[in-house]
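In UniProt numbering, the protein residues as written are 1 to 124.
The following block contains the structure:
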C-alpha cells in the first residue's frame with residue numbers, strides 16, 4: 001500500500017510539474033509547434049535513463065522511492081497522449097511539416113536523451 005500511495009504522490013507532483021513547466025516553455029517560444037510537451041518529455045527521458053542506470057545494479061535509492069519517481073513522477077511528467085493530441089492538431093490544421101517534425105524530433109531526441117541519462121549515470 002505504501003508503494004501505491006508513493007506512486008500517487010509522485011504522479012500528483014509530476015502532473016503539476018508538467019503543467020507548469022510546459023506552460024512556461026510555451027510562453028517563451030510562442031509557436032504553433034508544441035515545444036512545451038517536447039521539452040517536458042525530453043527532460044523526462046533523460047531523468048528516466050539516468051535513474052534507471054544509476055539504480056540498476058546499485059541500491060542507491062529505496063525501491064519504493066525509485067518507483068514513486070519513475071512510475072509516479074516521471075510517468076505523469078511525460079505524456080504520450082498530449083504528444084499525440086498536439087500532433088493530430090497540427091495535422092488537422094494541415095501543417096504536415098510541423099506534425100512530422102514533432103514526431104521525428106520527439107522520438108529521436110527522446111531516445112538520445114534517455115541514452116544520455118544512462119551515460120551520465122555511469123560516469124557518476
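For each residue, glycine too, the CB sits at the ideal point set by N, CA and C.
Separation of residue 58 and residue 99 (C-alpha to C-alpha, rounded to the nearest whole angstrom) is 40 Å. Take the alpha-carbon of residue 28 and the one of residue 81: they are about 23 Å apart.
In its chain, beyond the 5 residues on either side, 22, 23, 25, 26 have a beta carbon closer than 7 Å to the beta carbon of residue 36.
Contact check for residue 13 against residue 44 fails: the beta carbons are separated by 7 Å or more. The beta carbons of residue 33 and residue 102 sit about 7 Å from each other, so the pair counts as a contact at 8 Å.
Taking all protein chains in view, the Cβ of residue 51 is crowded by 16 or more other Cβ atoms within 10 Å, so the residue is classified as buried. In this structure, DSSP gives residue 41 a helical state, which the three-state scheme calls helix.
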